[in-house]
Amino acid sequence: MLLAADVGNTNVVFALFNYDEDGTHHIRARWRIATDPRRTGDEYAVWLLQLLKIEGVDRTDITQIIVASVVPRADHNLTVLCQKYFGLTPLFAGQGKAAWRFDIDVDQPSSLGADRALNILAAHHKFGGDLIVVDFGTATKFEAVDFTGAYKGGSIAPGINLSLDALVGKTAKLPRIAIRTPSSRSVIGRNTEDQMLIGVFWGYVAMMEGMVARMQAEIGRPAKVVATGGLAILFDDATDIFDHVDADLTLDGLAILARQAETA
Numbered sequence: 428m429l430l431a432a433d434v435g436n437t438n439v440v441f442a443l444f445n446y447d448e449d450g451t452h453h454i455r456a457r458w459r460i461a462t463d464p465r466r467t468g469d470e471y472a473v474w475l476l477q478l479l480k481i482e483g484v485d486r487t488d489i490t491q492i493i494v495a496s497v498v499p500r501a502d503h504n505l506t507v508l509c510q511k512y513f514g515l516t517p518l519f520a521g522q523g524k525a526a527w528r529f530d531i532d533v534d535q536p537s538s539l540g541a542d543r544a545l546n547i548l549a550a551h552h553k554f555g556g557d558l559i560v561v562d563f564g565t566a567t568k569f570e571a572v573d574f575t576g577a578y579k580g581g582s583i584a585p586g587i588n589l590s591l592d593a594l595v596g597k598t599a600k601l602p603r604i605a606i607r608t609p610s611s612r613s614v615i616g617r618n619t620e621d622q623m624l625i626g627v628f629w630g631y632v633a634m635m636e637g638m639v640a641r642m643q644a645e646i647g648r649p650a651k652v653v654a655t656g657g658l659a660i661l662f663d664d665a666t667d668i669f670d671h672v673d674a675d676l677t678l679d680g681l682a683i684l685a686r687q688a689e690t691a
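For this note's numbering, count along the sequence shown from 1 and bump the result up by 427.
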């Protein structure tokens with residue numbers, strides 16, 4: 428049984444995987460906790476071991492642990508968690524036996540974040556062909572992946588919540604609003620809150636559609652568009668540019684990489 432941890436800027440997602448005899452993986456359970464680099468291995472253990480118990484899993488059932496992290500300050504405490512409470516040294520995505528096995532064809536390959544690399548790996552494995560991967564997280568990332576699985580580059584934009592935080596934080600009278608799908612497709616609001624929601628939501632959709640269209644033109648071949656991240660489903664009904672919406676893409680990438688590491 429595999430335990431995977433995806434350490435993002437906002438949340439840490441733990442996922443428990445089972446494997447079939449043919450190597451196909453299945454997510455058995457997943458749990459989310461706010462990212463806090465100060466959280467110790469012992470604090471993680473108090474929370475995680477209770478959740479495993481509820482799931483009916485003993486810590487000794489876990490035979491492999493893999494971590495993807497974009498928060499380096501959290502790495503040590505997660506290593507302590509794995510070694511002290513599971514008796515395992517974790518694999519870190521992109522390092523050692525878990526190094527990337529696809530071409531990173533950009534100017535600074537080492538700067539590619541683990542979360543982005545996992546999305547690239549999983550999208551190529553699951554969907555094949557030329558791809559544009561859009562990850563809606565704290566930041567929104569656009570990735571171009573060619574039919575060989577090579578990463579050709581991409582772009583990074585502020586996530587929709589960051590954009591809203593900046594709008595509210597830098598203005599004196601605009602209220603805090605929740606991100607949701609507007610009640611209509613009109614882009615002419617009749618009150619301040621509706622106007623804010625329209626500007627943030629439909630403005631974001633226009634940015635996303637424009638970026639994908641520009642990437643499609645630059646790639647020059649038909650490319651499937653894969654959306655992932657916590658807010659992907661929010662935009663799925665607002666646009667027809669997505670060929671696939673896969674909320675588990677990053678976690679699937681961890682499971683695929685863990686299997687690859689076994690043969691390294």
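Heads up, the beta-carbon is just placed ideally off N, CA and C, and yes, glycines get one too.
Span of the alpha helix (DSSP H) holding GLN477?
DSSP places GLN477 in the uninterrupted alpha helix (DSSP H) bounded by 468 to 481.
Against chain B, with Cβ distances strictly below 8 Å, would ARG603 count as a contact?
Given the protein chain composition of this structure (a single chain), no chain B is represented.
Could you check which residue in LEU443, VAL498, ILE454 and GLN535 has the C-alpha nearest to that of THR490?
LEU443
Based on the DSSP output, what are the partners of VAL572 in its beta bridges?
BP columns for VAL572 point to LEU558 and TYR578.
Tell me the rounded alpha-carbon separation between GLY523 and PHE529.
14 Å
Which residue from VAL653, SER611 and ALA566 puts its Cα closest to that of ASP592?
ALA566
Alpha carbons only, please: which of THR575, PRO602, VAL561 and LYS597 is nearest the one belonging to SER582?
VAL561
Taking the alpha carbon of ALA659 as the reference point, which residue from ILE493, GLN687 and PHE563 has its own alpha carbon closest?
PHE563
Per DSSP, ILE531 forms a beta bridge with which residues?
Looking at the DSSP output, ILE531 sits in a beta bridge with TYR578.
Taking LEU661 as part of the alpha helix (DSSP H), name the residues at either end of that continuous run.
659 to 663
Roughly how many angstroms lie between the CA atoms of PHE628 and ARG612, to the nearest whole one?
10 Å
In terms of alpha-carbon separation, which member of LEU476, LYS597, GLU645 and VAL653 lies closest to LYS511?
Ranking LEU476, LYS597, GLU645 and VAL653 by Cα distance to LYS511 puts LEU476 first.
Could you tell me if GLU689 is buried or exposed, where buried requires 16 or more neighbouring beta carbons within 10 angstroms of its beta carbon?
exposed
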